[in-house]
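*Asks:* Position 164 of the sequence shown, counted from 1, bears residue number 1043 in the numbering used here, the numbering being contiguous throughout.
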Amino acid sequence: MILMQNLSKSFSHSRFYKKSKSKVKAVENVSLSINEGSCFTLLGQSGSGKSTLGKILLGIEKPDAGEVLFDGIDVHNTTTKERKMLQKSLQVVFQDCHSAVNPKLKVRDIIAEPILVYEKLDGSEIEERVGELLKMVGLSEEDMMKYPQQFSGGQLQRITIARAISTKPRLIVLDESVNSLDVLVQISILKLLKRLQRELKLTYFFITHDLHVARLFADEIAVMHKGRIVEHLRVDELEQAKHEGTKALLNSQLKIDCIHNSLDLKEDLEL
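Right, here's the structure in full:
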């Protein structure tokens, strides 16, 4: 489905508001493949290059070298028709749900915005579709007439998920999508994402620094450290990790016991 080949991306190093000639390598010679229907997790500490790689996958950032192929189509070298197809098929849910929505728009308009790019619907059809999407993410039809500031962080993230699935995508990039939520809300959102994956046959590219969330959610894990993929593991292989970057994550992430030691939560996510 997705093939990333020899991707590299550097940024100019800025000091005192001036660009210097030195470059920071955010992504260095990364190659990965993502199979359809999987939850592929990219795990790494802050500054490891995870989000930059996600933006390259989405076509937001252009790599200095390498390519991203979606069913054989180069994400960064497309015709207008191919670009529209890719934008429909690739969606994203960001960490900061508050900045991801326009506070002046009602929920109906937030969710309907991407739908109207690809479909011609009248007012009643839009409201019917938005109502269905809200129910799919555990909210009510009445919520479509509210504004973002009327919702909690967890509820608002459900709204951004509803918007992401509104175009019937095949792959969703989840960029630290539960990181800003408290533990119990994290679990409820992860359960929702797992259910939607089964029902809609979605593929996820899940970006996180949280090892324990990755353990609950991932099918396979690639560990990113200083712009490089240093290990590619199954979840049950994490304790045998060899690279210092992975070991640092294992040693540093002492989380609340209800996540760290709970096998039943892992089972719950599969229900």
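Cβ atoms here follow ideal geometry from the backbone N, Cα and C, with glycine treated the same way.
Expressed to the nearest angstrom, what Euclidean distance is found between the alpha-carbon atoms of Asp1001 and Met883?
*Replies:* 39 Å
*Asks:* Pull the bridge partners of Leu882 from the DSSP assignment, please.
*Replies:* Leu882 pairs with Ser912 and Leu948.
*Asks:* On a CA-only basis, which of Thr920, Gly916, Leu937 and Leu1117 is nearest Arg962? Give me that one, please.
*Replies:* Ranking Thr920, Gly916, Leu937 and Leu1117 by Cα distance to Arg962 puts Leu937 first.
*Asks:* Mind the definition here: the region 922 to 932 touches the region 1094 to 1114 only if three or more C-beta pairs lie below 8 Å; say whether that holds.
*Replies:* Judged by pairs of C-beta atoms under 8 Å, the region 922 to 932 touches the region 1094 to 1114, as three or more such pairs exist.
*Asks:* Taking DSSP as the reference, what is the three-state secondary structure of Phe1096?
*Replies:* Helix at Phe1096.
*Asks:* Less than 8 Å between the beta carbons of Val1016 and Val1057, yes or no?
*Replies:* no
*Asks:* Quickly, what does DSSP pair Gly1108 with across the bridge? List them, please.
*Replies:* Before going on, a small fix: residue 1108 reads as Ile here, not Gly. Looking at the DSSP output, Ile1108 shares a beta bridge with Met1103.
*Asks:* Could you check the C-alpha separation between Thr1039 and Arg1094 for me, to the nearest Å?
*Replies:* Their backbone Cα atoms lie some 24 Å apart in a straight line.
*Asks:* From what residue to what residue does the beta strand (DSSP E) around Thr959 run?
*Replies:* Thr959 -> not in any beta strand (DSSP E); alpha helix (DSSP H) instead, spanning Thr959 to Ser968.
*Asks:* Mapping DSSP to helix, strand and coil, what is Asp1001?
*Replies:* Asp1001: coil per DSSP, three-state reduction.
*Asks:* From the DSSP output, in three-state form, read off His1122 for me.
*Replies:* For His1122, the three-state secondary structure derived from DSSP is coil.
*Asks:* Spatial neighbours of Thr920 within its chain, please: CB distance less than 6 Å, with the 5 preceding and 5 following residues excluded, ordered by chain position.
*Replies:* In chain order, Phe1085, Ala1093, Ala1097 and Ile1100 place their CB closer than 6 Å to the CB of Thr920, counting only its own chain and leaving out the 5 sequence neighbours on each side.
*Asks:* Can you list, in chain order, the residues of its chain with a C-beta nearer than 7 Å to that of Ala905? Leave out the 5 residues immediately preceding and following it.
*Replies:* Lys888, Ser889, Phe890, Gly928, Thr931 and Gly1106
*Asks:* Would you list the residues sitting across from Leu1050 in a DSSP beta bridge?
*Replies:* Leu969 and Thr1082
*Asks:* Using only the alpha-carbon positions, how far apart do Arg1008 and Arg987 sit?
*Replies:* Cα atoms of Arg1008 and Arg987: separation of roughly 10 Å, rounded to the nearest angstrom.
*Asks:* Taking only the alpha-carbon atoms, compute the straight-line gap between Lys1080 and Ala944 and give it to the nearest angstrom.
*Replies:* The straight-line gap from Cα to Cα measures roughly 31 Å.
*Asks:* Would you tell me roughly how many angstroms separate the C-alpha atoms of Lys934 and Leu969, rounded to the nearest one?
*Replies:* Cα to Cα, the separation comes out at about 11 Å.
*Asks:* For Val980, which three-state DSSP category applies?
*Replies:* coil
*Asks:* Three-state secondary structure (DSSP) at Val1009?
*Replies:* helix
*Asks:* For Lys1014, count neighbouring Cβ atoms within 10 angstroms of its own Cβ and tell me buried if that reaches 16, exposed if not.
*Replies:* exposed
*Asks:* For Ser1059, tell me which candidate among Leu1050, Thr1087 and Phe949 has the shortest Cα-Cα distance.
*Replies:* Considering only alpha carbons, the answer is Thr1087.
*Asks:* Could you give the distance in angstroms between the alpha-carbon of Leu1112 and the alpha-carbon of Val996?
*Replies:* 38 Å
*Asks:* Are the Cβ atoms of Glu915 and Met880 separated by less than 8 Å?
*Replies:* yes
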